[in-house]
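There are 2 protein chains.
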Amino acid sequence: MTVPELRRDPVGGQWVIIAAERARRPMDFRLAPPGSQPAEDCPFCPGNEAATPPEIFALRDEAGWKLRVVPNRFPVLTVEGALHKRGEGIYDAISGVGAHEVIIESPQHVTSLTALSEERISEVLWTYKARLQDLKRDRRLVYGLLFKNVGERAGATLSHTHSQLIATPVVPIRVQNEIDRCARYHDFRGRCLLCDIVTQELASGARVAMESARFVALEPFAARSPFETHLVPKLHLSHYEALEDAWMPELAAVLRATMRKIEKALNRPAYNYLIHTAPLNAAPMEEYHWHLEIIPRIEGVAGFEWGTGFFVNSVPPEDAARYLRDL
Amino acid sequence: MTVPELRRDPVGGQWVIIAAERARRPMDFRLAPPGSQPAEDCPFCPGNEAATPPEIFALRDEAGWKLRVVPNRFPVLTVEGALHKRGEGIYDAISGVGAHEVIIESPQHVTSLTALSEERISEVLWTYKARLQDLKRDRRLVYGLLFKNVGERAGATLSHTHSQLIATPVVPIRVQNEIDRCARYHDFRGRCLLCDIVTQELASGARVAMESARFVALEPFAARSPFETHLVPKLHLSHYEALEDAWMPELAAVLRATMRKIEKALNRPAYNYLIHTAPLNAAPMEEYHWHLEIIPRIEGVAGFEWGTGFFVNSVPPEDAARYLRDL
Numbered sequence: 001m002t003v004p005e006l007r008r009d010p011v012g013g014q015w016v017i018i019a020a021e022r023a024r025r026p027m028d029f030r031l032a033p034p035g036s037q038p039a040e041d042c043p044f045c046p047g048n049e050a051a052t053p054p055e056i057f058a059l060r061d062e063a064g065w066k067l068r069v070v071p072n073r074f075p076v077l078t079v080e081g082a083l084h085k086r087g088e089g090i091y092d093a094i095s096g097v098g099a100h101e102v103i104i105e106s107p108q109h110v111t112s113l114t115a116l117s118e119e120r121i122s123e124v125l126w127t128y129k130a131r132l133q134d135l136k137r138d139r140r141l142v143y144g145l146l147f148k149n150v151g152e153r154a155g156a157t158l159s160h161t162h163s164q165l166i167a168t169p170v171v172p173i174r175v176q177n178e179i180d181r182c183a184r185y186h187d188f189r190g191r192c193l194l195c196d197i198v199t200q201e202l203a204s205g206a207r208v209a210m211e212s213a214r215f216v217a218l219e220p221f222a223a224r225s226p227f228e229t230h231l232v233p234k235l236h237l238s239h240y241e242a243l244e245d246a247w248m249p250e251l252a253a254v255l256r257a258t259m260r261k262i263e264k265a266l267n268r269p270a271y272n273y274l275i276h277t278a279p280l281n282a283a284p285m286e287e288y289h290w291h292l293e294i295i296p297r298i299e300g301v302a303g304f305e306w307g308t309g310f311f312v313n314s315v316p317p318e319d320a321a322r323y324l325r326d327l
Numbered sequence: 328m329t330v331p332e333l334r335r336d337p338v339g340g341q342w343v344i345i346a347a348e349r350a351r352r353p354m355d356f357r358l359a360p361p362g363s364q365p366a367e368d369c370p371f372c373p374g375n376e377a378a379t380p381p382e383i384f385a386l387r388d389e390a391g392w393k394l395r396v397v398p399n400r401f402p403v404l405t406v407e408g409a410l411h412k413r414g415e416g417i418y419d420a421i422s423g424v425g426a427h428e429v430i431i432e433s434p435q436h437v438t439s440l441t442a443l444s445e446e447r448i449s450e451v452l453w454t455y456k457a458r459l460q461d462l463k464r465d466r467r468l469v470y471g472l473l474f475k476n477v478g479e480r481a482g483a484t485l486s487h488t489h490s491q492l493i494a495t496p497v498v499p500i501r502v503q504n505e506i507d508r509c510a511r512y513h514d515f516r517g518r519c520l521l522c523d524i525v526t527q528e529l530a531s532g533a534r535v536a537m538e539s540a541r542f543v544a545l546e547p548f549a550a551r552s553p554f555e556t557h558l559v560p561k562l563h564l565s566h567y568e569a570l571e572d573a574w575m576p577e578l579a580a581v582l583r584a585t586m587r588k589i590e591k592a593l594n595r596p597a598y599n600y601l602i603h604t605a606p607l608n609a610a611p612m613e614e615y616h617w618h619l620e621i622i623p624r625i626e627g628v629a630g631f632e633w634g635t636g637f638f639v640n641s642v643p644p645e646d647a648a649r650y651l652r653d654l
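Same order as they appear, the protein sequences are chains A and B.
Position one of the first sequence corresponds to residue 1 (the numbering used here), numbered consecutively onward.
Position one of the second sequence corresponds to residue 328 (the numbering used here), numbered consecutively onward.
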């Protein structure tokens with residue numbers, strides 16, 4: 001297996017993982033996402049543990065494992081090897097060192113997080129924190145992205161409920177861009193932009209889908225797609241992994257209730273969720289504020305969106321928020 | 328019909344068109360792109376001219392029209408109304424003033440640009456220029472994005488070969504980001520980044536798919552997807568609409584030959600192409616250089632890509648370039 005390479009586009013600034021070992025020949029593409037496999041062949045179900053690489057972490061009770069973390073069988077980055085940065089004329093490249101883990105959220109073959117109890121979801125959210133804290137000790141790793149793909153349209157290839165964690169030796173451009181914008185806002189106004197958004201949204205209420213003592217689920221002012229929803233902690237915190245254990249049950253309750261509303265509103269859509277948090281190697285930041293973005297994938301991404309980062313959304317977020325509140 | 332609104336996300340910086348009139352109710356989504364309509368119902372075929380809004384521009388010969396430009400029947404922006412910028416607390420919004428045009432490239436019901444002769448493609452490329460020059464006179468419009476969606480996976484809803492032009496009152500974030508990065512490079516090194524890329528790529532040859540006297544088709548160093556291909560003019564030029572008419576036949580020949588190779592390599596994939604050019608209202612820029620990006624849509628965009636702008640590509644661009652050269 002050749003080590004993958006990270007390359008940065010000098011014009012757009014985005015990084016790309018050139019992962020040649022995922023396809024044997026140039027023609028060997030996945031022309032459409034594979035369909036869901038039947039449950040009896042599921043590599044995430046109990047009894048099939050040998051189908052995954054050896055366990056990194058697990059939670060167990062007397063009945064067996066409740067949650068497992070394993071390396072991705074087809075990792076986009078590999079944990080072995082030195083971090084080597086090189087130039088190629090005007091181009092920048094880095095060896096593809098990183099981690100690619102799968103969090104198997106339940107031994108039951110359920111396809112939605114919402115089929116789990118709040119207590120189990122709380123353990124999943126706690127595991128996210130524990131994995132970030134562990135990976136943080138590897139000084140080669142700069143960023144940890146936690147995400148979930150549900151449904152073929154959202155890029156899922158296995159239906160058994162799971163999340164993924166990719167740790168990279170660079171900060172992804174969208175996150176860096178958010179951090180830069182938040183830093184400019186903080187320079188100019190002396191406050192955290194996300195804190196100000198929470199304050200303004202709670203005062204108006206028009207785009208709030210639900211709230212608890214410490215968290216709010218809101219439809220962003222410039223939602224990129226119908227029913228895009230962000231979960232934001234009300235108190236300032238730059239790093240997800242700094243969240244107190246005592247808050248996990250509340251976050252789990254808000255996440256579960258929000259996802260249930262979205263599943264009901266859109267009849268169990270394909271979706272992605274992901275956590276935007278500060279870089280692993282950064283000290284606590286006054287200007288950045290972690291949040292979880294939920295993006296239902298009910299419309300495709302056409303050339304205009306791809307080419308410009310300019311999205312068209314046919315559902316005003318105020319309408320979506322009202323609809324979710326009323327459910 | 329309510330006027331659409333442009334909203335900017337304060338954290339990410341991207342603009343979103345909230346186009347509520349495209350969906351009647353929050354639940355009224357397009358859950359999957361509609362299939363291709365049969366040719367006899369095609370609103371772009373001769374005889375069905377009444378199915379489109381009145382013509383903005385056309386090229387004709389003795390046999391009738393060869394090419395038509397019409398307003399999009401379901402525009403994401405509208406040309407009527409004053410440009411009104413407003414704040415909503417910390418948020419920025421602009422009334423959705425702009426243009427959304429469709430370039431019907433042929434009276435024949437063909438589904439690929441490559442079915443047209445080089446001469447006809449040259450007329451299409453000339454029309455792009457003419458439309459940008461015309462829209463430039465409207466001082467409310469700041470950017471003109473020309474793009475093409477082919478195939479359902481790429482967001483196409485009609486199969487009859489056509490392109491689209493969306494003119495907006497703001498510069499899209501991805502283009503602004505490219506301009507900013509190119510300006511930083513120009514500050515630091517005193518040369519245009521794209522000019523340097525062309526020089527380095529022609530010297531190496533490894534990522535060149537084809538070239539002519541004035542243009543090069545190359546696989547970018549950090550290609551985001553297999554067989555992503557950029558057409559770049561060898562001579563510096565910031566604005567597409569400043570391209571000389573005499574160069575159009577050559578650009579048409581390179582575009583047609585490149586697209587034919589990609590169609591052959593990937594068995595007629597869905598794809599988007601789009602032109603990145605300098606803002607309509609900018610003077611000629613030393614630091615920016617227009618180019619045309621072709622993005623085959625053979626893999627979906629999953630949560631990781633969406634959330635980070637970090638792409639995974641399973642085909643090294645050097646392999647793709649070699650394959651295209653050998654075709």
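We treat Cβ as the ideally placed atom computed from N, Cα and C, and that holds for glycine.
Since we're looking at a predicted model, the values are computed, not measured.
Strand pairing of ASN313 of chain A, partner residues [DSSP] | Within the first sequence, residue 313 of chain A is the residue found at index 313, counting from 1. DSSP lists B:ILE345 as partners of ASN313 of chain A.
Whose Cβ in chain A lies nearer than 7 Å to the Cβ of VAL639 of chain B?
-> For the purposes of this step, residue 639 of chain B is taken as the residue at position 312 of the second sequence. Those are ILE17, ALA19, VAL76, listed as they occur along chain A.
Apart from the five residues just before and just after PHE515 of chain B, which ones in its own chain have a Cβ nearer than 8 Å to its Cβ?
-> The residue given as residue 515 of chain B occupies position 188 in the second sequence. Cβ within range, chain order: n/a, list empty.
The beta strand (DSSP E) spanning HIS291 of chain A covers which residue range?
-> Counted from its first residue, the first sequence places residue 291 of chain A at position 291. HIS291 of chain A -> beta strand (DSSP E) spans 291-296.
For GLY340 of chain B, decide whether its Cβ has a neighbour in chain A, counting only Cβ atoms nearer than 7 Å.
-> Here residue 340 of chain B corresponds to residue number 13 of the second sequence, with the count starting at 1. Answer yes: the Cβ-Cβ gap between GLY340 of chain B and chain A drops below 7 Å somewhere.
So is the beta-carbon of VAL69 of chain A under 6 Å away from any non-hydrogen atom of the ligand COA?
-> This structure does not include the ligand COA; it has no bound ligands of any sort.
Tell me, to the nearest whole angstrom, how far the beta carbon of SER641 of chain B is from that of PRO553 of chain B; I am working on the premise that it is less than 8 Å.
-> Here the question's residue 641 of chain B lines up with position 314 in the second sequence. Here the question's residue 553 of chain B lines up with position 226 in the second sequence. In this structure, SER641 of chain B and PRO553 of chain B form a Cβ contact; the two beta carbons are roughly 6 Å apart against a cut-off of 8 Å.
Give the residues from the segment 488-508 of chain B that approach chain A closer than 8 Å (Cβ to any Cβ), ordered along the chain.
-> GLN491, ILE493, THR495, PRO499, ILE500, ARG501, VAL502, ASN504, GLU505, ARG508
Using the rule of at least 16 other Cβ atoms within 10 Å of the residue's Cβ for burial, across every protein chain shown, is PRO284 of chain A buried or exposed?
-> Numbered from 1 along the first sequence, position 284 holds the residue referred to as residue 284 of chain A. Here PRO284 of chain A is exposed, its C-beta having fewer than 16 other C-beta atoms within 10 Å.
Backbone CA spacing between ARG7 of chain A and SER95 of chain A [nearest angstrom] = Residue 7 of chain A sits at position 7 when you count from the first residue of the first sequence. Residue 95 of chain A sits at position 95 when you count from the first residue of the first sequence. Rounded to whole angstroms, ARG7 of chain A to SER95 of chain A spans 9 Å at the Cα level.
Exposed or buried, what is PRO34 of chain A when buried is set at 16 or more other beta-carbons lying within 10 Å of its beta-carbon?
-> Locating residue 34 of chain A in the first sequence gives position 34, counting from the first residue. The pLDDT assigned to PRO34 of chain A is 41, lower than 50, so where the model puts this residue is not dependable; a value taken from the coordinates is nonetheless given after this. Its Cβ having fewer than 16 others within 10 Å, PRO34 of chain A is exposed.
DSSP on ALA359 of chain B, reduced to helix/strand/coil?
-> If you number the second sequence from 1, residue 359 of chain B lands on position 32. Low confidence applies here, because ALA359 of chain B scores a pLDDT of 36, under 50, leaving its location unreliable; read the following figure in that light. It is coil, neither helix nor strand.
Can you name the start and end residues of the alpha helix (DSSP H) that THR585 of chain B belongs to?
-> If you number the second sequence from 1, residue 585 of chain B lands on position 258. That run of the alpha helix (DSSP H) goes 575-592.
Can you round the beta-carbon distance between THR488 of chain B and LEU440 of chain B to whole angstroms, since I take them to be within the 8 Å contact cut?
-> For the purposes of this step, residue 488 of chain B is identified with residue 161 of the second sequence, where counting begins at 1. For the purposes of this step, residue 440 of chain B is identified with residue 113 of the second sequence, where counting begins at 1. At roughly 6 Å, the Cβ-Cβ gap stays under 8 Å, so THR488 of chain B and LEU440 of chain B are in contact.
Sequence-distant residues of the same chain with beta carbon closer than 6 Å to HIS84 of chain A, five excluded per side = Counted from its first residue, the first sequence places residue 84 of chain A at position 84. Around HIS84 of chain A: SER95.
Beta-carbon neighbours of GLY309 of chain A, restricted to chain B and to distances below 7 Å = As a position in the first sequence, residue 309 of chain A is number 309, starting the count at 1. Residues of chain B passing the Cβ test: GLN341, PRO499, ILE500, ARG501.
By a C-beta neighbour count over all protein chains shown, 10 Å radius and 16 as the cutoff for buried, is SER122 of chain A buried or exposed?
-> Within the first sequence, the letter at position 122 stands for residue 122 of chain A. With 16 or more other Cβ atoms within 10 Å, it is buried.
What whole-angstrom Cβ distance do ALA99 of chain A and LEU77 of chain A have, given they're in contact under 8 Å?
-> For the purposes of this step, residue 99 of chain A is taken as residue 99 along the first sequence, with counting starting at 1. For the purposes of this step, residue 77 of chain A is taken as residue 77 along the first sequence, with counting starting at 1. Their Cβ separation, rounded to whole angstroms, is 7 Å, which keeps ALA99 of chain A and LEU77 of chain A in contact under 8 Å.
Under 7 Å between C-beta atoms, does PHE221 of chain A make it to chain B?
-> For the purposes of this step, residue 221 of chain A is identified with residue 221 of the first sequence, where counting begins at 1. Chain B contact via Cβ: present.
Under 7 Å between beta-carbons, which chain B residues line up against GLN200 of chain A? List them in chain order, please.
-> To locate residue 200 of chain A, count along the first sequence from 1; it is residue 200. In chain order: GLY416, ILE417.
Which partner residues of ARG86 of chain A appear in the DSSP bridge assignment?
-> For this step, residue 86 of chain A is matched to residue 86 along the first sequence. In DSSP, ARG86 of chain A forms a bridge with A:ALA93.
Candidates B:PRO337, B:ALA540, B:ARG387, B:VAL437: which alpha carbon is nearest PHE371 of chain B's?
-> Working through the second sequence from its first residue, we reach residue 371 of chain B at position 44. Checking every option, the nearest Cα to that of PHE371 of chain B belongs to B:VAL437.
Could you tell me if LYS591 of chain B is buried or exposed, where buried requires 16 or more neighbouring beta carbons within 10 angstroms of its beta carbon?
-> Locating residue 591 of chain B in the second sequence gives position 264, counting from the first residue. The residue is exposed, with fewer than 16 neighbouring Cβ atoms inside 10 Å.
What are the residues that DSSP puts in a beta bridge with LEU570 of chain B?
-> Along the second sequence, one-based indexing puts residue 570 of chain B at 243. DSSP, once it has assigned bridges, lists no residue as partnering LEU570 of chain B.
Tell me which same chain residues have a C-beta within less than 6 Å of the C-beta of MET354 of chain B, skipping the five on either side of it?
-> As a working mapping, residue 354 of chain B is identified with position 27 in the second sequence. Low per-residue confidence applies at MET354 of chain B: pLDDT is 46, beneath 50, and the placement is therefore not dependable, though the value from the model is reported in the following sentence. Taken in chain order, the list of residues that qualify is empty.
Considering only residues of the same chain and omitting the five flanking positions on each side of GLU332 of chain B, which have a CB-CB separation below 7 Å?
-> Against the second sequence, residue 332 of chain B aligns to sequence position 5. Closer than 7 Å at the Cβ level, and outside the excluded window around GLU332 of chain B, lie ILE345, ALA420, SER422, GLY423.
Sequence-distant residues of its chain with Cβ nearer than 6 Å to ARG260 of chain A (five each side left out) | Here residue 260 of chain A is taken as the residue at index 260 of the first sequence, counted from 1. Contacts found: THR114.
Counting only beta-carbon atoms, is ARG224 of chain A nearer than 7 Å to chain B?
-> Start at 1 with the first residue of the first sequence, and residue 224 of chain A comes out as number 224. For ARG224 of chain A, the answer is yes, since a Cβ of chain B falls inside 7 Å of its Cβ.
Thinking just about the alpha-carbon of each residue, which of A:GLY155, A:ALA58, A:PRO75, A:GLU62 is nearest to the one in ARG68 of chain A?
-> As a position in the first sequence, residue 68 of chain A is number 68, starting the count at 1. ARG68 of chain A has its Cα closest to that of A:ALA58, out of A:GLY155, A:ALA58, A:PRO75, A:GLU62.
Keeping to the same chain, check which residues put their C-beta closer than 6 Å to that of ALA378 of chain B; ignore five residues upstream and five downstream.
-> Against the second sequence, residue 378 of chain B aligns to sequence position 51. Excluding positions up to five away in sequence, the list reads PRO370.
Helix, strand or coil at ALA615 of chain B [DSSP, three-state] | In the second sequence, counting from the first residue as 1, residue 615 of chain B sits at position 288. Here residue 615 of chain B is Tyr; the residue named in the question, Ala, does not match the sequence. Three-state result, TYR615 of chain B: coil.
Contacting residues, own chain, Cβ-Cβ under 7 Å from LEU452 of chain B (five flanking each side not counted) = Working through the second sequence from its first residue, we reach residue 452 of chain B at position 125. Contacts found: MET575, LEU578, ALA579.
Buried/exposed call for GLY339 of chain B, threshold 16 Cβ in 10 Å = Sequence index remark: in the second sequence, residue 339 of chain B carries index 12 (1-based). GLY339 of chain B is buried by the Cβ-count criterion.
List the residues that DSSP assigns as beta-bridge partners of THR604 of chain B.
-> On the second sequence, residue 604 of chain B is found 277 positions in, with the first residue counted as 1. Bridge partners of THR604 of chain B: none, in fact.
Run down chain A in chain order and give the residues with a C-beta less than 7 Å from the C-beta of ASP653 of chain B.
-> As a working note, residue 653 of chain B is residue 326 in the second sequence. Simply none; closest approach about 11 Å.
So, is ALA540 of chain B buried or exposed, given that buried needs 16 or more other C-beta atoms within 10 angstroms?
-> Within the second sequence, residue 540 of chain B is the residue found at index 213, counting from 1. Classification for ALA540 of chain B: exposed.
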